[in-house]
Amino acid sequence: MKKIEVLIVGQGLAGTLLAFELHLAGVSVRIVNNPKKSTATRVAAGMVNPLVFKRMTKSWMVDELLPVMKKRYRVLEELLRERFYFDLPMIKPLSEQETALWQERKTDERFAPFINEICESSPVDHVFKSNAYGIVKGSGYLKTGLFLDAAKRYFQQKELLIEADFSVQEDDFENRVFQNIQFNKIVFCEGHYLKTHPLFDFIRLQPAKGEVLQIYAPDLSEEYIINRRVFVLPIGDHRFKVGSTYEWKDLTDIPTEEGKNSIVDRLKDLIHVDFSIEQHWAGVRPTVIDRRPVLGKNPQHEHVFVFNGLGTKGVMLAPYFAKQMLWTLMKGNHILPKEVNLQRFYKS
Ligand SMILES: Cc1cc2nc3c(=O)[nH]c(=O)nc-3n(C[C@H](O)[C@H](O)[C@H](O)COP(=O)(O)OP(=O)(O)OC[C@H]3O[C@@H](n4cnc5c(N)ncnc54)[C@H](O)[C@@H]3O)c2cc1C
1 MKKIEVLIVG QGLAGTLLAF ELHLAGVSVR IVNNPKKSTA TRVAAGMVNP LVFKRMTKSW
61 MVDELLPVMK KRYRVLEELL RERFYFDLPM IKPLSEQETA LWQERKTDER FAPFINEICE
121 SSPVDHVFKS NAYGIVKGSG YLKTGLFLDA AKRYFQQKEL LIEADFSVQE DDFENRVFQN
181 IQFNKIVFCE GHYLKTHPLF DFIRLQPAKG EVLQIYAPDL SEEYIINRRV FVLPIGDHRF
241 KVGSTYEWKD LTDIPTEEGK NSIVDRLKDL IHVDFSIEQH WAGVRPTVID RRPVLGKNPQ
301 HEHVFVFNGL GTKGVMLAPY FAKQMLWTLM KGNHILPKEV NLQRFYKS
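Sequential numbering from 1 applies to the sequence shown in UniProt numbering.
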């Protein structure tokens, strides 16, 4: 029987980044992934926005997360010989009230890495007239599908990936055996399927379905992401990802007419340009009630761990918290920040 240190369940952003952390640290690892189950990472637009426009604050922990994220994707781009992370500035059309707030923030040095300038006219054509246009720096996007595929090929080459479904109901779970592999620890990175996980049902997951379109718009500039109530993200060849929606009742990954219409209505409020819809996807975000990731060890099972709750910002969160997860698994005394520790869901 083959002996390994860590078995990971799920090859979305969480499982993939954790697998690389362990593998690059020289820890023996295997990943089990069921390709028939839905994967939010494949549907995600992959956008990174360092600002929260609603309140015009910085995104949670952005100063710590962004440097780790950029470094991690660069290292993986070299390892996998593929480019999948791209820096791209963002245009935010501003109302009069928003312009005043942006001008105030621009004088605040904490925002200096993220606000480039505030322009009177849009730097690109076909954006509806607004009072002003804020230009964000530090934004960008991950080609999530390309990244997962490149990672999958690497894991397959190294014989680290098993395509199968994992169930804790199997007899061998207690013996820490799966398909003739003896594992020491197991980490569940199952995305929104965590909601029905028998060992983690105390975590307050509130999955949110989202829909995204791919449009073809040959006359629209590809130099910026445009973002107001809907984002328009250039992905090359005059194609753009446009989204998204939030739905908490229907948690299928089936695209809906209602979702499409909602995105198109908001798009037509933002830009005036000819476009055709080429693709339409839906997926389910693994969002936690307090909008923070969830990491840690199961209270009843010493060898069972979870890494989940990447919510709406998986691209930015996953690299930093995969490192926290590595330390949790491999250094007995690592203390996880309270905000992300699964202990916050223990009943007192
Ligand atoms: C419409 C939409 C738009 C989004 N846009 C963005 C964006 O612009 N930027 C951003 O940062 N984030 C975005 N997100 C969020 C992002 O997708 C998630 O934060 C992230 O992908 C979650 O990764 P994950 O690994 O936790 O889950 P997933 O990607 O869902 O992966 C879970 C994996 O586990 C596998 N699995 C589950 N159970 C089992 C089992 N029992 N056995 C074997 N395998 C199993 C599944 O097959 C799946 O592959 C978006 C999400 C959606 C739905």
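C-beta: ideal position from N, C-alpha, C; glycine also.
Beta-carbon proximity check, residue i vs residue j, cutoff 8 Å
| i | j | result |
| --- | --- | --- |
| Phe188 | Val27 | no |
| Ile4 | Gly15 | no |
| Val127 | Ile226 | yes |
| Ala164 | Gln179 | yes |
| Gln279 | Leu213 | yes |
| Ala44 | Pro286 | no |
| Arg228 | Leu199 | no |
| Asp253 | Ala217 | no |
| Gly134 | Ile118 | yes |
Rounded separation between residue i and residue j - CA only
| i | j | result |
| --- | --- | --- |
| Arg239 | Ile215 | 6 Å |
| Arg266 | Lys260 | 10 Å |
| Leu7 | Asn184 | 8 Å |
| Phe231 | Leu329 | 37 Å |
| Ile289 | Val264 | 28 Å |
| Glu109 | Leu161 | 45 Å |
| Ile115 | Leu80 | 32 Å |
| Val29 | Ala100 | 52 Å |
| Gly12 | Gln206 | 18 Å |
| Ser95 | Arg74 | 36 Å |
| Gln157 | Arg72 | 21 Å |
| Gln324 | Val273 | 45 Å |
| Met90 | Gln97 | 19 Å |
| Asn34 | Ser167 | 11 Å |
Residue interval of the beta strand (DSSP E) (run including residue i)
| i | result |
| --- | --- |
| Asn184 | 181 to 188 |
| Tyr216 | 208 to 216 |
| Lys297 | 294 to 297 |
| Phe114 | From DSSP, Phe114 is part of no beta strand (DSSP E); its letter is neither H nor E. |
| Asn227 | 225 to 227 |
Helix, strand or coil at residue i according to DSSP, with G and I counted as helix
| i | result |
| --- | --- |
| Trp281 | strand |
| Arg239 | strand |
| Val43 | helix |
| Asp290 | coil |
| Phe305 | strand |
| Phe321 | helix |
| Val127 | strand |
| Val177 | strand |
| Leu336 | coil |
| Phe275 | coil |
| Arg24 | Per the sequence shown, the amino acid found at residue 24 is Leu instead of Arg. Leu24: helix per DSSP, three-state reduction. |
| Lys106 | helix |
| Lys2 | strand |
| Leu161 | strand |
Beta-ladder partner(s) of residue i, from DSSP
| i | result |
| --- | --- |
| Thr57 | Val52 |
| Ala132 | Leu94 |
| Arg30 | Leu7 |
| Asn261 | Partner(s): none; Asn261 has no beta bridge. |
| Pro234 | Phe240 |
| Phe86 | Tyr141 |
| Ile203 | Bridge partners of Ile203: none, in fact. |
Limits of the unbroken alpha helix (DSSP H) element including residue i
| i | result |
| --- | --- |
| Tyr141 | Segment 140 to 142 is the beta strand (DSSP E) holding Tyr141; no alpha helix (DSSP H) there. |
| Leu199 | Taken as a continuous stretch (DSSP letters only), Leu199 belongs to no alpha helix (DSSP H), as it is neither H nor E. |
| Leu79 | 62 to 80 |
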